[in-house]
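Q:
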Amino acid sequence: MKTETKTKKTFDAVEFMRQRREEISKDIEGMTPKEEIDYFKRKAAEFNKRDK
Numbered sequence: 431m432k433t434e435t436k437t438k439k440t441f442d443a444v445e446f447m448r449q450r451r452e453e454i455s456k457d458i459e460g461m462t463p464k465e466e467i468d469y470f471k472r473k474a475a476e477f478n479k480r481d482k
């Protein structure tokens with residue numbers, strides 16, 4: 431019989447995505463579709479600026 435060795439997670443990608451999705455949902459709640467588009471464009475620009 432084979433024994434499986436489990437390693438302790440240092441980063442949980444599923445939990446991270448759930449948290450981010452919840453944050454974004456709260457941020458865009460009540461926004462019009464145009465405001466949502468502007469929100470995502472602004473966030474993308476912030477990310478790209480930070481990435482350089």
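My numbering puts the first residue of the sequence shown at 431, with every later residue one more than the last.
Where a beta carbon is used, it is the ideal one built from N, C-alpha and C, also for glycine.
Keep in mind it's a predicted model, so treat the numbers as computed, not measured.
1) Please classify K473: does DSSP put it in a helix, a strand, or coil?
2) Flag this pair as yes or no: are the beta carbons of E465 and I458 separated by less than 9 Å?
3) Could you tell me the alpha carbon to alpha carbon distance between N478 and R472, rounded to whole angstroms?
4) State the start and end residues of the unbroken alpha helix (DSSP H) segment that holds D457.
A: Based on what the coordinates show:
1) Note: K473 maps to helix in three-state DSSP.
2) For the 9 Å CB-CB criterion, E465 and I458 form a contact.
3) The alpha-carbon atoms of N478 and R472 are separated by roughly 10 Å.
4) Per DSSP, D457 belongs to the alpha helix (DSSP H) from A443 to I458.
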